[in-house]
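Below is one structure, written out as structure tokens; the observations come after it.
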Amino acid sequence: MQNTKNLYLKLIPVMFCFFAMGFVDLVGIATNYVKEDFNLTDTTANLFPSMVFFWFLIFSVPTGMLMNKIGRRKTVLLSLGVTTLALLIPTVHYSFTGMLISFSFLGIGNTLMQVSLNPLISNIVSGDKLSSSLTFGQFVKAIASFVAPLIAAWASMQFDNWRLLFPIFFVIAVLAVIALGVTSIQEEDEKGETSTFAECFALLGDKVVLISFIGIMCHVGIDVGTNVTAPKILMDRLGLTLNDAGFAASIYFLFRTIGCFTGAVLLSRMSNKLFFTISALLMILGMGGLFFFHTLMPIYICVALIGLGNSNIFPILFSQAILHLPHKKNEVSGLMIMGLFGGTVFPLLMGVASDALHSQTGAVIVMFAGVIYLMLISTRINTKK
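Sequential numbering from 4 applies to the sequence shown in this note's numbering.
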């Protein structure tokens, strides 16, 4: 009984950290508000999500090196500190430059957290409890993603200040720092070979690793792209205000969360290849519908289908790459996390395409290309569970 109590006392602060990890998804709704506040073009506005995910390319491998030196818990605390700073900047000074700096810090903090938080849980729980703890952590993260657009809309309507989202999340981040800071976690197995940039990029010569890496880039690009573009589609086609249109982003994250849990059940009963193919088909249906529908409910259904389809792409591709080269786990892990850089590439291309066509159809075309790639590689997915 005492051991169970101690376990929960350690897991609760870590779950606070997972919630803070979800703060990165506020970039979608925030980008739309910033675009409106500063009267930006789509190309310029989409610099903001690009600034967030650019840092995954730069800091993924160095974070692994840092963990070997200072440990996982201290690395997570550092990530929370950087995230807290990112949330503080718009709270005290709201400007175009300030938001670029804020989103950069948000990306750096999230990179540190993505690389270090999951391994930290392995120092608390193991065996069957590890996978369930990680799944619950992703659920907690998704709650932050889901509520961010709702909080922004509420703050805008009630106080005419959507930026209240930042101080609210700032307070939660500070609580996470305090909770984890006073929690003692015994860390083991921190020492080992550390990945380098050269070792990681050399693995792109392996076809399975390359396919998985590009697939993760597409997955994250579609994720960030839908988060940013769905509200814009509703504003363009239905004339909704941003406060009302922002609900589309919450629908996406709600169904992505549902997809995570249903995926955990279904993947135990069917092959990875079949499940991946079904996921890609759902996204094709959803993304294809966004080309044609101009009424509210069909667009919501399309966004929901994309959320369901995109919910389990990352774990399937990540696990396939790891299992393909089990003796290179460190290098493969670092490279796959670098694939989150797709969250930088896609928004930039989407902004350019939207401005060129004077329509959000341009953004949908870019995302649809990513979906087609995922459909094409479904035949290359390992059938092992």
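Just so you know, even glycine gets a beta-carbon here, dropped at the ideal spot from N, CA and C.
Just so you know, these numbers come straight off a predicted model, no measurement behind them.
Hey, could you find the ends of the alpha helix (DSSP H) residue i is sitting in?
{"i": "D247", "result": "L245 to A248"}
{"i": "Y303", "result": "L299 to N313"}
{"i": "N121", "result": "F99 to I124"}
{"i": "E39", "result": "L29 to F41"}
{"i": "K210", "result": "K210 to L241"}
{"i": "S362", "result": "Note, S362: premise wrong, no alpha helix (DSSP H); not H, not E."}
{"i": "R76", "result": "R75 to V95"}
{"i": "S322", "result": "I316 to H327"}
{"i": "T46", "result": "D45 to A48"}
List the whole-angstrom C-beta distance separating residue i from residue j, where the pair is believed to meet the contact cut-off of C-beta under 8 angstroms.
{"i": "A205", "j": "F19", "result": "In fact, because the Cβ distance is near 38 angstroms, the residues do not count as touching under 8 angstroms."}
{"i": "L90", "j": "F172", "result": "5 angstroms"}
{"i": "W58", "j": "S107", "result": "7 angstroms"}
{"i": "I316", "j": "L377", "result": "7 angstroms"}
{"i": "A283", "j": "V143", "result": "That pair is no contact at about 27 angstroms."}
Relative to the C-alpha of residue i, which residue among the options is closest?
{"i": "S357", "options": "C263, G228 and F162", "result": "G228"}
{"i": "K72", "options": "I281, W58, S119 and V37", "result": "S119"}
{"i": "S159", "options": "T244, P52, L285 and K77", "result": "T244"}
{"i": "M220", "options": "G74, P318 and F296", "result": "P318"}
{"i": "T232", "options": "F349, I171, G184 and A156", "result": "F349"}
{"i": "G342", "options": "K38, S215, I146 and I32", "result": "S215"}
{"i": "L123", "options": "E190, T94 and K144", "result": "E190"}
{"i": "N113", "options": "P93, P52 and T382", "result": "P52"}
{"i": "T186", "options": "L213, K276, L270 and L14", "result": "L14"}
{"i": "Q141", "options": "M54, I384, G266 and T47", "result": "G266"}
{"i": "L326", "options": "R240, P301, V212 and D239", "result": "V212"}
{"i": "S314", "options": "L178, D226 and G354", "result": "D226"}
{"i": "L153", "options": "I340, N246 and F258", "result": "N246"}
{"i": "G84", "options": "T364, V177, I217 and V355", "result": "V177"}
{"i": "F139", "options": "F278, F22, R240 and L270", "result": "F22"}
{"i": "A324", "options": "M339, Y97, I304 and N49", "result": "M339"}
{"i": "V150", "options": "M68, S63 and L168", "result": "L168"}
{"i": "S336", "options": "L109, L207 and P170", "result": "L207"}
{"i": "L103", "options": "K210, V367, I281 and T34", "result": "T34"}
{"i": "F278", "options": "A307, L320, F344 and G242", "result": "L320"}
{"i": "T260", "options": "V27, T347, L269 and G310", "result": "G310"}
At 4 residues or longer, what runs of the alpha helix (DSSP H) sit wholly inside the segment 246-293? 250-269
Ranges of the alpha helix (DSSP H) found wholly within the segment 139-185, counting only runs of at least 4: 168-184
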